């Protein structure tokens, strides 16, 4: 539709014999037509967020479109993870070499293949016409990083062909994944030697200890029985004499002998 236009005018008259003939013609001035794309007003939420999730849990990567150019707009959305974590504070001027795509959804809702580290762990939702969500399931420590979504706005031309008008990026979402693999249970189960030491070796050790205690008690009981006399009569033990006398007492001291042990 862009180009230079003019119009040509021909004047026709009817002669006495009722025949039309062209009397004159002329051209108009040139008119140049330039078709401009609408001024883009796409805006994606650039809020920076931090998420901390435990390992094997899930987390959401929201992509919220705040404003659009037209009601007829369609959007293509791609989620990225930044490979260079040293640039976590930057929200613009991102190069394709610095980030890896997780999932792409075209303006015609054609899905790309999931990236291998997240294959089978991604869930896409279109919560509204301008709100998209990607959920990462079973979070791993390798999922920690800086995420963002990239939005392309597409519009139809007068012929009904869709073209990309503009694009914008969201703010970074920094995800921290808490490592639960270092818990006591995981460490014990992952180490065969430690597993046997905790769950196997204590049982024979405790068994030997109990047997030893029982043997000692049994021997001590036998020893106490042997200390008694025959026929159950206890032996007589000579108790240290206890002398009760005074210088004025004329009677000799009395020696006391008691059965049993020495007091």
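In the UniProt record's numbering, the protein residues as written are 1 to 263.
Note that beta-carbon positions come from the ideal geometry of N, C-alpha and C, so glycine has one too.
Note that the structure is predicted; figures quoted are calculated from it, not measured.
By a beta-carbon distance limit of 8 Å, residue 81 contacts residue 147. Their separation comes to about 5 Å. When C-alpha distances from residue 59 are compared across 212, 162, 145, 165, the shortest belongs to 145. The region 149 to 169 makes contact with the region 41 to 59, as at least three CB pairs between them are under 8 Å.
Annotation for residue 130: no beta strand (DSSP E) segment contains it, and DSSP assigns it neither H nor E. As the crow flies, the alpha-carbon of residue 137 is around 23 Å from that of residue 130. Within its own chain, the residues whose Cβ lies closer than 6 Å to the Cβ of residue 168, once the five positions on either side in sequence are excluded, are 42, 44, 151, listed in chain order. Boundaries of the beta strand (DSSP E) harbouring residue 62: 59 to 67, taken from the DSSP string. Taking the C-beta atoms as reference points, residue 123 is found nearer than 8 Å to residue 135. In this structure, the straight-line span from the alpha carbon of residue 24 to that of residue 15 is close to 14 Å. Going by DSSP, residue 101 is part of the beta strand (DSSP E) stretching over 99 to 105.
By the C-beta density criterion, residue 77 is buried, having at least 16 other C-beta atoms within 10 angstroms.
For a cut-off of 8 Å, the C-beta gap from residue 5 to residue 158 is around 16 Å, too long to register as a contact. In this structure residue 75 is buried. Its beta-carbon is surrounded by 16 or more other beta-carbon atoms within 10 angstroms. The DSSP-derived three-state label of residue 36 is coil. Secondary-structure assignment with DSSP links residue 7 through no beta bridge to anything.
Remark: C-beta atoms of residue 112 and residue 104 approach each other more closely than 8 Å.
With a 10 Å radius around the Cβ and a threshold of 16 neighbouring Cβ atoms, residue 132 comes out buried. DSSP lists 81, 173 as the beta-bridge partner residues of residue 147.
In the DSSP assignment, residue 49 falls within the unbroken beta strand (DSSP E) covering 49 to 54.
Closest by C-alpha distance to residue 22, out of 166, 12, 110, is 12.
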